[in-house]
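S.K.: I have a structure here, written as structure tokens, and I will follow up with some questions on it.
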Amino acid sequence: MLNIEKYWEDLNVMHLNRLEPRAYYIPYADQETAINKKRGSSPYYQTLNGSWKFRYYQSVRLVEDGFYNKDACVNDWNNLIVPSCWQVNGYDQCHYTNTNYPIPCDPPYVPNENPAGTYVREFNISEKWKGKSKYVVFEGVNSCFYLWINGEFVGYSQGSRMPAEFDITNYVRSGKNKMAVLVLKWCDGTYLEDQDLWRFSGIFRDVYMLAREETHVVDIFSRQELSADFNKASLNCEIETIGSCDITIELTDAEGQVAAKGKKAIAGKGNIQLEVEEPTLWNAEAPYLYKLYVYSGSEVLLFNIGFRKIEVLDGVFTVNGKAVKLKGVNRHDSHPELGQSIPLNHMKEDLMLMKRHNVNTIRTSHYPNDPRFLDLCDEYGFYVVDEADLECHGMHSAGLFKDGTFHVLAKNPQWKKAFLDRAERLVERDKNHPSVIIWSMGNESGYDINHIAMAKWTKARDNSRLVHYEGAAEIYKGSTDTECLDMESRMYASTEYIEEYAQNEDNKKPLFLCEYCHAMGNGPGDLKDYWDVIFKYPKLMGGCVWEWCDHGIKTETPNGKEFYAYGGDFGDKPNDGNFCLDGLVYPDREVHTGLLELKKVIAPIRIEAEDLKKGTIKVTNLFDFINLSDIELCWRVEKDGETVQQGEIKELDVAPQTSQVHELGYNIPKSSENRFFLTISCVQKKDTLWAERGYEITFEQFELPVEKAEHFSIQNIPFIKVEQKDTLVTIEGFDFCHVFDLYSGAFTKVSKNYVDMITDMPKFNIWRAPTDNDRNIKDKWTNEGYERAVTHVYDAKITNSSDTFVEITVNFSLAGYSRFPILHGEAVWIVDGTGEISLKVKAKVREGIEFLPRFGLQLIMPKGTEEVEYFGYGPHESYIDKKQSVKKGKYLITVDEMFENYLMPQENGSRFGTEWAIVSNKFGMGLKFTGASEFSFNAAHYTPEDLTEAGHPYELNKRKETVINIDYKMSGVGSNSCGPELLNKYRLDEKEFEFNLKIAPIFKEE
């Protein structure tokens, strides 16, 4: 059994021999290698990433003592790449839980059977490092670790997502050395790390050594001040050294020209101040960076400097004196195969995707990210809400959500040291990054004296940024002392609430939605509603959508089918199922339609109709700092979906927060049988870091004011033959034959030229496969039997007929077992001599029940029905509350292309605002659906029941037939998986309605 001190349950020991936290940097030998930021090019840097010998133990008590000795043999151990999470490498169990602790809630104690991983590797130290001080840095180890070198104990650290640095000068020698690390899955810090994520363990971030001169710079804090008119900048560099150092600092601009320079001998602590006249300011739209080089002896340190001022003015959040809206997302470190070990290119991919979708803010939910991530945010241009590695959510649920339980750790003085440790290490590491504009004191951890201590320390250390903590909201009933916080923050507040807040003059702080619009599955559906309010009121700062990506773990079924696993798929308990699949992108970063919706809603350019008859529009620049000179405007006019005119405006010199009127120069008829749509696209004129020239930033579309011309046509309706035998009514025309079953109240056959168009009787349908955002309402739906509703026919008969048409009236209801009927209706079916079927439905919904998911007609079309042509919104799915990112037009796609493959199967792929649709085989033989008004339309190879029953995509069995749903209305998708209830205006809650539809069998190629 291992003979070590049990620091992992000692609140007085955050670390042993770990150095004080400092700013992140790598020492280089010269300016050229420093600016390239390739750490391996520094002679003072040596990576310890790579293959380590590894052994996993189900309990720390099983770890053999002496494994760390320099002569211990570990040749028979496994190999494990560092950095990595051991759960995704076959050790232990992948485990996802949201609010609940994965261990009994008995702080500071953790289970006796505490899993452990032991790591051992040999490494060489160059003779060139002789005489230098030597350090090892662990960027992230979950959850705590002990360190030995050459058999000697070096130190201990906890705090999973913050660096731990040790002076190893006296433990290493030139040539071969041996390092051993013991990592424990749990420690008392686990109670502060109960974030909504997969619970990974191990050395999951980079490990490296640094060689330093005996006297060297230890830390630097580049404090800045800007004059009131922003014409002068003062950079006060507070420098801490070991020994006496002659230090030169040099500030260069983005072109490499020296902007200021200073020199001073410092022993211990000192400062060098630089002055810059007419500085170019940094902001997320134009992230202008100066470079600060710090020369000491043979070392060069490099820091990004972005001059900017963050403050609240009269209750309004500002950057450089201008009101700014934070258009953000919450981002976890998440990789579908590597867990929380994030490669540099993966970070870049996330940031480029965010930029391409108009995101300007990132909340690092809920811990500091890899330090290189902030370098990228500085360069790409993002506002960062940098969050401490602190969440105690499990305290709330362990106490069954009783008042006060949430605050148990936050108000306990014994935990103050642990709380402060997480604030201090956050701030000290990231204090020089201009992208960091707000410090966040953690997430969902109650609120009391320990948070207040964190916030007060942070403000004393750095008064150039704001301090945030949502857990101080009065709803949690913690401490009411919020003077130390610079803003109010809320999660999932309704649009009504934030508007009331903005209108209340007693509210002096700006309001930030640190989480809103839960983007789980098919959603979110209320983005526009939020931003209509946020744009309206200066006191509303904006917010961060929850969240950026789906946290699926790529795995395989026993028979080799790949899928993305979620909570419970590994037998993990407790788990929160697919609640980890709540992102705007899939795990592989394929874009959800929800991200396309966000892109459109928060777009930095607004286009409005000025006078569409004259062809004039108003372009408004919603950027805060840059004009639109790098944007060109492309427009086209479509007649019934076909482009008939187009043009462009190459020069858009529109200043920030101003508007211009432009004339497009198109010509439209005064009247026409056709409809005309104007689509305007704003695209980049040149390549950027994140997108190529021609990339569309946003668009707008208008229907042009063309009077509807009167159209008269004399049509000779062919004769039909109607024959009734028992309950079957056969209707034959020149080239069609339909059969209607009066007993069932539906068609059993619809055909043209002997081609059958349906394989089953059409039926009325109110059920949709619940979306993730239906998770709270679906129990009420199933309680009323919506998912099991079947048609009962009271009466069906021919009510009118002639040589050219026949009318059949059906009185029916829809009901599930054990419940009263959900609705009663009358359906009138009319078939004329062309073979066209007209449907008129009048329905009355029972009082006192929940709004309907949908109401419409469902048909099953035969195998080979794969082509879909429609006039409506596209090219991707849309709903009544999720339609800002789509354009009205004519689209030709396949049934498979309509399908959105959510990782938890659910309602998907519907097209809101459809006017007509043709579903056919490849020869164009099929059915055309035309509504008296716009309808919601879907074609798929799955029924709603198929989607409802499946828990993963691999559980879906694709039908050969095509399932068509033509809906009078579909309720919106909202964001109620965690956010507010679906807004009333998006619910199908009408108690009486009418639905008219025409169904025509056609051969469209003829």
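Residue numbers (the numbering used here): 431 to 1436. We put the beta carbon where it would ideally sit given N, CA and C, even for glycine. None of the values given here were measured: they were computed from a predicted structure.
1) Could you spell out the range, first to last residue, of the alpha helix (DSSP H) harbouring Cys807?
2) Since Val1443 and Asp460 are thought to touch, with beta carbons under 8 Å apart, how far apart are those beta carbons, to the nearest angstrom?
3) Starting from Arg786 and walking both ways along the alpha helix (DSSP H), at which residues does that stretch end?
4) Since Pro1374 is in the alpha helix (DSSP H), which residue starts that stretch and which ends it?
5) Taking the alpha carbon of Lys907 as the reference point, which residue from Asn893, Asp936, Gly876 has its own alpha carbon closest?
6) Whole angstroms are fine: how far does the CA of Gly561 sit from the CA of Ser604?
7) Keeping to the same chain, check which residues put their C-beta closer than 6 Å to that of Pro1135; ignore five residues upstream and five downstream.
8) Using DSSP bridges, identify the partner residues of Leu1289.
9) Please state if the CB of Cys822 and the CB of Tyr960 are separated by a distance shorter than 9 Å.
10) Could you check how far apart the C-beta atoms of Ser1366 and Thr1392 are, in whole angstroms? I think they sit under 8 Å.
11) Would you mind sorting Gly1479 into buried or exposed? The rule is 16 or more other CB atoms within 10 Å of its CB.
12) Pairs of beta-carbons, one from the stretch 1286-1294 and one from the stretch 1204-1214, closer than 8 Å: are there three or more?
13) Return yes when the Cβ of Pro968 is within less than 9 Å of the Cβ of Gly745, no when it is not.
14) Measure the C-alpha to C-alpha separation of Asn1368 and Glu1280 and round it to an integer number of angstroms.
15) Beta-carbon within less than 7 Å of Ile598's beta-carbon, same chain only, minus the 5 sequence neighbours each way: which residues are those?
16) Assign His1222 to buried or exposed, taking buried as 16 or more other Cβ atoms, counted over all protein chains shown, within 10 Å of its Cβ.
17) Suppose the cutoff is 6 Å on Cβ atoms and the five residues either side in sequence are ignored; what does the same chain contact list for Phe1425 look like?
18) List in chain order: all unbroken alpha helix (DSSP H) runs of 4+ residues lying wholly within the stretch 1137-1222.
19) DSSP three-state label for Lys991, please.
20) Rounding to the nearest angstrom, what Cα-Cα distance links Met950 and Ser1407 in this structure?
21) Take Lys958 as the anchor and find which of Gly1302, Ser1405, Val443 has the nearest alpha-carbon.
22) Counting C-beta neighbours from all protein chains within 10 Å, is the total for Val602 16 or more, i.e. buried, or is it exposed?
23) Please tell me whether Glu1364 has its Cβ less than 9 Å away from any Cβ of chain D.
24) Taking the alpha-carbon of Ile1228 as reference, which of Ile1161, Arg551, Ser1181 has the nearest alpha-carbon?
25) Give the DSSP-derived three-state secondary structure of Glu435 in the structure shown.
26) Which residues bound the alpha helix (DSSP H) around Ser827?
27) Apart from the five residues just before and just after Tyr526, which ones in its own chain have a Cβ nearer than 6 Å to its Cβ?
28) Where does Gln625 sit, in a helix, a strand or coil, going by DSSP?
29) Going by C-alpha to C-alpha distance, which of Tyr498, Met777, Val1152, Glu809 sits closest to Val550?
30) Suppose the cutoff is 8 Å on Cβ atoms and the five residues either side in sequence are ignored; what does the same chain contact list for Ser471 look like?
31) Mind checking which residues open and close the beta strand (DSSP E) that includes Thr1073?
32) When burial is assigned at 16 or more other CB atoms within 10 Å of the CB, is Gln488 buried or exposed?
33) Going by Cα to Cα distance, which pick from Leu1282, Glu1364, Phe1353 is closest to Gly1302?
34) Decide if Ala853 is buried, meaning its Cβ has at least 16 other Cβ atoms within 10 Å, or exposed.
35) For Asn661 and Glu1337, what's the separation of their Cα atoms in angstroms?
36) Name the two residues that bound the continuous beta strand (DSSP E) containing Asn554.
M.R.: The structure says:
1) Position 377 of the sequence shown holds residue 807. Run containing Cys807: 801-810, per the alpha helix (DSSP H) assignment.
2) Absent from the model: residue 1443. The displayed extent of the chain is 431 to 1436, so no value can be given.
3) Residue 786 sits at position 356 when you count from the first residue of the sequence shown. Per DSSP, Arg786 belongs to the alpha helix (DSSP H) from 774-786.
4) If you number the sequence shown from 1, residue 1374 lands on position 944. For Pro1374, the enclosing alpha helix (DSSP H) stretches over residues 1374-1379.
5) As a first step, residue 907 must be located in the sequence shown, where it is residue number 477. When only C-alpha atoms are compared, the closest one is Gly876.
6) Position 174 of the sequence shown holds residue 604. Position 131 of the sequence shown holds residue 561. Straight-line Cα distance between these residues: approximately 10 Å.
7) Counting from one through the sequence shown, the residue named residue 1135 turns up at place 705. If we look at Pro1135 and ignore the five residues flanking it on each side, its Cβ neighbours are Leu1042, Lys1043.
8) By 1-based counting over the sequence shown, the position of residue 1289 is 859. Leu1289 pairs with Ile1394.
9) Looking up residue 960 in the sequence shown gives position 530. Looking up residue 822 in the sequence shown gives position 392. No, the pair does not count as a contact, with Cβ atoms beyond the cut-off.
10) Within the sequence shown, the letter at position 936 stands for residue 1366. Within the sequence shown, the letter at position 962 stands for residue 1392. Their Cβ separation, rounded to whole angstroms, is 17 Å, which puts Ser1366 and Thr1392 out of contact at 8 Å.
11) Lying outside 431 to 1436, the shown extent of the chain, residue 1479 is not represented and no answer is given.
12) Per the Cβ contact rule, the stretch 1286-1294 is not in contact with the stretch 1204-1214 (fewer than 3 Cβ pairs under 8 Å).
13) Along the sequence shown, one-based indexing puts residue 745 at 315. Along the sequence shown, one-based indexing puts residue 968 at 538. In contact: Gly745 and Pro968 (Cβ atoms closer than 9 Å).
14) Taking the sequence shown and counting its residues from 1, the one referred to as residue 1368 is at position 938. Taking the sequence shown and counting its residues from 1, the one referred to as residue 1280 is at position 850. Their backbone Cα atoms lie some 23 Å apart in a straight line.
15) Reading the sequence shown from its first residue, position 168 is the one you call residue 598. Within its own chain, the residues whose Cβ lies closer than 7 Å to the Cβ of Ile598, once the five positions on either side in sequence are excluded, are Lys564, Tyr565, Val566, Ile579, Val584, listed in chain order.
16) If you number the sequence shown from 1, residue 1222 lands on position 792. Per the 10 Å Cβ criterion, exposed.
17) Counting from 1 along the sequence shown, the entry for residue 1425 is found at position 995. Only Val1271, Tyr1398 meet the Cβ criterion.
18) Annotation note: the stretch 1137-1222 contains the following uninterrupted alpha helix (DSSP H) runs of length 4 or greater, listed N- to C-terminal: 1208-1213.
19) Residue numbering aside, residue 991 sits at position 561 when the sequence shown is read from its first letter. Coil.
20) Counted from its first residue, the sequence shown places residue 950 at position 520. Counted from its first residue, the sequence shown places residue 1407 at position 977. Their backbone Cα atoms lie some 7 Å apart in a straight line.
21) As a working note, residue 958 is residue 528 in the sequence shown. Of Gly1302, Ser1405, Val443, the residue nearest in Cα terms is Ser1405.
22) To locate residue 602, count along the sequence shown from 1; it is residue 172. Buried, since its Cβ has 16 or more Cβ neighbours within 10 Å.
23) Protein chain content of the structure displayed is limited to a single chain, and chain D is not contained in it.
24) Residue numbering aside, residue 1228 sits at position 798 when the sequence shown is read from its first letter. Comparing Cα positions, the closest option is Ile1161.
25) One-based indexing of the sequence shown puts residue 435 at position 5. Note: Glu435 maps to coil in three-state DSSP.
26) Numbered from its first residue, the sequence shown carries residue 827 at position 397. Unbroken alpha helix (DSSP H) run through Ser827: 823-828.
27) Within the sequence shown, numbered from 1, the residue matching residue 526 stands at position 96. Excluding sequence neighbours, Tyr526 sits near Trp628, Gly997, Asn1005, Cys1010.
28) In the sequence shown, the residue the question calls residue 625 occupies position 195. Residue state, collapsed to three classes: coil.
29) Against the sequence shown, residue 550 aligns to sequence position 120. The option with the nearest alpha carbon to Val550 is Tyr498.
30) By one-based count along the sequence shown, residue 471 stands at place 41. Cβ within range, chain order: Tyr458, Thr463.
31) Taking the first residue of the sequence shown as 1, we reach residue 1073 at position 643. Run containing Thr1073: 1072-1079, per the beta strand (DSSP E) assignment.
32) What you label residue 488 is simply residue 58 of the sequence shown in a count that begins at 1. Exposed: under 16 other Cβ atoms inside 10 Å.
33) Taking the first residue of the sequence shown as 1, we reach residue 1302 at position 872. Closest option to Gly1302, Cα to Cα, is Glu1364.
34) Reading the sequence shown from its first residue, position 423 is the one you call residue 853. The residue in question, Ala853, is buried, as its Cβ has 16 or more Cβ neighbours within 10 Å.
35) Reading the sequence shown from its first residue, position 231 is the one you call residue 661. Reading the sequence shown from its first residue, position 907 is the one you call residue 1337. Spanning the two alpha carbons is a distance of roughly 55 Å.
36) Reading the sequence shown from its first residue, position 124 is the one you call residue 554. Element bounds for Asn554: 546-555.
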